[in-house]
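Heads up, the thing below is written out as structure tokens.
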Amino acid sequence: MSDSDDDIALSKRARVKDEDFSVDVSSQNSRGVTAADSDDEALVTVSRKTKKSKAPKRAATNGDSKQPPKKKLKSSSTTSKKTAPSKSQVKKEVKKEGTPTPAREGTPKEEDGDGDDGIYKWWENQQDDDSIKWETLEHNGVIFPPEYEPLPTHVKMFYDGKPVNLPPAAEEVAGFYAAMLETDHAKNPTFQKNFFKDFLKVLEESGGCNASITDFDKCDFTKMFNYFEAKKEEKKNMTAAEKKKIKAEKEKFEEPYKTCLLNGRKEQVGNFRVEPPGLFRGRGAHPKTGKLKRRVYPEDIILNLGKDAKIPDPPPGHSWGEVRHDNTVSWLAMWRENISNSVKYVRFAANSSLKGMSDYKKFEKARELKNHIERIRKDYRVMLKDQLMLNRQIATATYLIDVFALRAGGEKSDDEADTVGCCSLRFEHITLSPPNTVIFDFLGKDSIRFYQEVEVDLQVFKNLKIFKRPPKVPGDDLFDRIDPSVLNKHFQKYMPGLTAKVFRTYNASKTMQDQLDLIPNEGTPNEKVVKFNAANRTVAILCNHQRTVSKGHETAMQKINDKLKEMMWQKIRLKKMMLQLDSKLKKKKPKYFEELEDLTREDEATIHKNLIAREHEKYEKKFKRENDKRAENKEELLPKSQLKEWNNKVKELEKQYAKELKSGKPVVPDNATLEKLEAQVEKLEQRIANTMLQMKDKEDNSQVALSTSKINYIDPRLSVMFCKKYDVPIEKVFTKTLREKFKWAIESVDENWRF
DNA sequence: CCTACGACTTAGTAGTTGATCT
DNA sequence: AGATCAACTACTAAGTCGTAGG
Numbered sequence: 002m003s004d005s006d007d008d009i010a011l012s013k014r015a016r017v018k019d020e021d022f023s024v025d026v027s028s029q030n031s032r033g034v035t036a037a038d039s040d041d042e043a044l045v046t047v048s049r050k051t052k053k054s055k056a057p058k059r060a061a062t063n064g065d066s067k068q069p070p071k072k073k074l075k076s077s078s079t080t081s082k083k084t085a086p087s088k089s090q091v092k093k094e095v096k097k098e099g100t101p102t103p104a105r106e107g108t109p110k111e112e113d114g115d116g117d118d119g120i121y122k123w124w125e126n127q128q129d130d131d132s133i134k135w136e137t138l139e140h141n142g143v144i145f146p147p148e149y150e151p152l153p154t155h156v157k158m159f160y161d162g163k164p165v166n167l168p169p170a171a172e173e174v175a176g177f178y179a180a181m182l183e184t185d186h187a188k189n190p191t192f193q194k195n196f197f198k199d200f201l202k203v204l205e206e207s208g209g210c211n212a213s214i215t216d217f218d219k220c221d222f223t224k225m226f227n228y229f230e231a232k233k234e235e236k237k238n239m240t241a242a243e244k245k246k247i248k249a250e251k252e253k254f255e256e257p258y259k260t261c262l263l264n265g266r267k268e269q270v271g272n273f274r275v276e277p278p279g280l281f282r283g284r285g286a287h288p289k290t291g292k293l294k295r296r297v298y299p300e301d302i303i304l305n306l307g308k309d310a311k312i313p314d315p316p317p318g319h320s321w322g323e324v325r326h327d328n329t330v331s332w333l334a335m336w337r338e339n340i341s342n343s344v345k346y347v348r349f350a351a352n353s354s355l356k357g358m359s360d361y362k363k364f365e366k367a368r369e370l371k372n373h374i375e376r377i378r379k380d381y382r383v384m385l386k387d388q389l390m391l392n393r394q395i396a397t398a399t400y401l402i403d404v405f406a407l408r409a410g411g412e413k414s415d416d417e418a419d420t421v422g423c424c425s426l427r428f429e430h431i432t433l434s435p436p437n438t439v440i441f442d443f444l445g446k447d448s449i450r451f452y453q454e455v456e457v458d459l460q461v462f463k464n465l466k467i468f469k470r471p472p473k474v475p476g477d478d479l480f481d482r483i484d485p486s487v488l489n490k491h492f493q494k495y496m497p498g499l500t501a502k503v504f505r506t507y508n509a510s511k512t513m514q515d516q517l518d519l520i521p522n523e524g525t526p527n528e529k530v531v532k533f534n535a536a537n538r539t540v541a542i543l544c545n546h547q548r549t550v551s552k553g554h555e556t557a558m559q560k561i562n563d564k565l566k567e568m569m570w571q572k573i574r575l576k577k578m579m580l581q582l583d584s585k586l587k588k589k590k591p592k593y594f595e596e597l598e599d600l601t602r603e604d605e606a607t608i609h610k611n612l613i614a615r616e617h618e619k620y621e622k623k624f625k626r627e628n629d630k631r632a633e634n635k636e637e638l639l640p641k642s643q644l645k646e647w648n649n650k651v652k653e654l655e656k657q658y659a660k661e662l663k664s665g666k667p668v669v670p671d672n673a674t675l676e677k678l679e680a681q682v683e684k685l686e687q688r689i690a691n692t693m694l695q696m697k698d699k700e701d702n703s704q705v706a707l708s709t710s711k712i713n714y715i716d717p718r719l720s721v722m723f724c725k726k727y728d729v730p731i732e733k734v735f736t737k738t739l740r741e742k743f744k745w746a747i748e749s750v751d752e753n754w755r756f
């Protein structure tokens, strides 16, 4: 049963349909299906993947969080952890706090590339070497989260029905959990277990409390939860002026941290706030989810800035862990987090020149692949039949990466969620269905499910079958001879800098270009944007970018559906009127009147009911509104009889509908003519078509996230080109932040640019 | 060589804000 | 004017990939 609990994140997600999956691999079926070559059996199998000594692998099924008992070949590596600060001697010079710092450097040292407006247009003069990231760098350090403030004494955690006096440190941790009480995380057993363990540890370290706490189930956090909720409410109910004031103060305080000076030029900093402590929200079935993410202090922080830059003052009573001057990296500060002992960086914002340059390079690299992709595809098709197992695996993996946009799939350790990419696919992740259908079903990055039933090249199918051959069993690697580095080394031969991820970028942008090419230049800008988004969606589907369906989605859909039905009813009603004006019409245009029977009597009755209810409501509101206004103006109120009068009108209508339901003959208005009715039908049809489109769009989008591909995969110059070519304001496709991030693209291409 | 890990990109979601509806 | 919802931003987790260092 705990398994199903771990599935929470998954169950919210409906599966993505793969029917409209469209990939551009023009070559996919171009070379006719080749006959089975008989030497599959004779495959040369040298040099097994070295990591082969692996444990029997994790349990096979998706979403199963159970890990096999830990066994590691790398158990010896534990030693390396504490000794970290002693590598890379060259780069680091520890600057003792208080060291007198010379005057600052490099202010507006005018360089070429600065536009007239003083904005640095780096894209107008590119340099190739990016091993040196900056000449001078000044910044003001980072913002720390506020210290913990104990709760009021009446707000307590309860244990076994009794209030507990927790030391502040433990109370803080309990509070982290309490605040999340209603989330899925809090219901996840792994999360609870990890949280509770860390909570008890902190409790013990901070001196314990008046109760002996041993049982998670006896902890009651509701009082704390309610308190937090009330606080939230309070905050929400502040007056606009109060909110504004608080915001302004925050703004002012953060001001110095928001920007830095890079080579004397002002640039935005991205995440200048140090991550606050909390409970680790690992995604999917992460073994460490719920663990306490500890507070970060200045002593944990390593600053990186120019030699001559002023070292920002650490918070009073504290000192920086270290100060470095490494201009081969682009981070401003870093610290080590305690969950996986990995590093967190404070970096430049997405709109910075450094980020922009590397973004630009990324897309140029992907474009360069255009010149090689044909040969690569030709080669891997041949290599699919290579005698060497190693080469077959390389070719097959390349195929999967190219055609289905899989990620490389590096090896993961046992204390992370069990997710895979191409090279780490296992036996149980694909099902083969002859003659050439493959069903992929696995959890990829972020534990997002990748489910697709697809037809593949026959030789690929055969190879996959070989890769699954006994003695392999569930848990075994499909690609046991290769890993991402083998693949990437292979790719280098075709093009310097070519790696697995470049294929994703290339195919995404190529797909976008192709989709945009299909859009006719007609209609309103809004209509064109809809088409643009559809193209964007194709890319998102290719990359399997998903999102959880929003809470209100179902009801919102229902609403639109109701509206749609009502319009249908109206249309049918109009047609019925037409028949009353000219009964011979039905014979003349049978097709036109075919749909008269589409609505059932029950449907019609509900529509009537809803309509009537809405009318009543409308008048009630009108009455109230009108009287409120009059009361305010000290005017005479509308009499109750007025409301009654209105309601009587509605009742009339109701009667009329009832009659109509019986007879099937709506009352034809006096001034109606065939032409007028026909025109009205036409209009309705237009509206219905529109709404249907809207509905489809909404439904299609409910599970697909467009933003990820727009931000990371689609060359922004494509979007700019589209806007210029089709006369669509750029604001319609890029938000303000994206416009800033992609300024280089916006200012550098015209309507003829191609990916 | 191989592996661990540092540095960077890519990813979905929580929280906030602004627009729209009622 | 308040509620509701969609859009956008902020946040931080989770990938990829190259390379330092054994």
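Each residue of the first sequence is one higher than the last, beginning at 2 in the working numbering. We put the CB at the ideal spot given by N, CA and C, even for glycine.
Check, Outcome
"Determine the extent of the beta strand (DSSP E) in which Gln453 is found, giving its start and end residues.", "450-456"
"Cα separation between Glu136 and Asp130?", "13 angstroms"
"Going by DSSP in three states, Gln388 sits in which element: helix, strand or coil?", "coil"
"What did DSSP end up calling Phe492 once you bin it into helix, strand or coil?", "helix"
"Counting along the chain, where does the alpha helix (DSSP H) carrying Pro475 start and finish?", "Unbroken run through Pro475: none, as it is neither H nor E."
"Buried or exposed for Lys232, please, with buried defined as at least 16 other CB atoms from any protein chain shown within 10 angstroms of its CB.", "exposed"
"Since Thr512 contacts Thr539 with CB under 8 angstroms, what's their CB separation in whole angstroms?", "6 angstroms"
"Could you give the distance in angstroms between the alpha-carbon of Ser749 and the alpha-carbon of His617?", "58 angstroms"
"If you draw a straight line from the C-alpha of Ser703 to the C-alpha of Ala310, how long is it?", "49 angstroms"
"Just tell me which of Pro151, Lys572, Lys663, Leu543 has its CA closest to the CA of Tyr452.", "Leu543"
"Is Val729 closer than 8 angstroms to Lys446 when the C-beta atoms are compared?", "no"
"Three-state secondary structure (DSSP) at Tyr346?", "strand"
"Pick helix, strand or coil for Tyr121, following the three-state DSSP scheme.", "strand"
"At what residue ranges does the stretch 627-669 contain a whole run of the alpha helix (DSSP H), taking only runs of 4 or more?", "641-664"
"Give me whichever residues DSSP pairs with Val705 in a beta bridge.", "Gln547"
"Out of Pro436, Asn272, Ala351, which one is the CA nearest neighbour of Lys737?", "Ala351"
"Helix, strand or coil: how does DSSP classify Leu357 here?", "With the sequence shown as reference, residue 357 is identified as Gly, and Leu is not the correct amino acid for it. Gly357: helix per DSSP, three-state reduction."
"Could you spell out the range, first to last residue, of the alpha helix (DSSP H) harbouring Glu234?", "223-237"
"Just to confirm before moving on: does the CB-CB distance between His373 and Tyr495 stay below 8 angstroms?", "yes"
"Just to check my reading of the structure: Leu426 and Gly410 have Cβ atoms closer than 8 angstroms, yes? What is that Cβ distance to the nearest angstrom?", "7 angstroms"
"Could you check whether Pro667 and Arg574 sit closer than 8 angstroms to each other, using their CB atoms as the reference points?", "yes"
"What residue range does the alpha helix (DSSP H) around Met558 cover?", "554-582"
"Buried or exposed: Val488, going by 16 or more other Cβ atoms within 10 Å of its Cβ?", "First, the residue type needs correcting, since residue 488 is Leu and not Val in the sequence shown. Buried, since its Cβ has 16 or more Cβ neighbours within 10 Å."
"Does the stretch 256-275 come within contact of the stretch 166-185, defined as at least 3 CB pairs closer than 8 angstroms?", "no"
"Output needed for Gln643: all residues of its chain with C-beta closer than 8 angstroms, excluding positions within five of it in sequence on either side, in chain order.", "Phe624"
"Taking only the alpha-carbon atoms, compute the straight-line gap between Gln90 and Pro153 and give it to the nearest angstrom.", "Because Gln90 sits at a pLDDT of 36, beneath the cut-off of 50, its placement in the model cannot be relied upon, and the point is left open."
"If we ignore side chains and look at the alpha-carbon of each, how far apart do Thr290 and Asp415 end up?", "13 angstroms"
"Alpha carbon to alpha carbon, what distance is there between Lys656 and Lys650?", "10 angstroms"
"With DSSP as the reference, please indicate the residues paired to Gln269 in a beta bridge.", "Thr260"
"Any chance you could list the beta strand (DSSP E) runs of at least 3 consecutive residues sitting entirely within the stretch 296-350, in chain order?", "303-305, 323-325, 332-337, 344-348"
"Quick test of your reading: Lys219 and Lys157, contact by CB under 8 angstroms. State the CB separation rounded to the nearest angstrom.", "So it is not a contact: roughly 14 angstroms between Cβ atoms."
"For Thr432, which beta-bridge partners are listed by DSSP?", "Ile440"
"For Asp403, count neighbouring Cβ atoms within 10 angstroms of its own Cβ and tell me buried if that reaches 16, exposed if not.", "buried"
"Between Leu565, Met558, Tyr121, Asp199, which has its C-alpha nearest Met358's C-alpha?", "Tyr121"
"When DSSP labels each residue in this structure, what does Phe723 get in the three-state scheme?", "helix"
"Count the other C-beta atoms from every protein chain shown that fall within 10 angstroms of the C-beta of Asp481, then say buried if there are 16 or more, exposed otherwise.", "buried"
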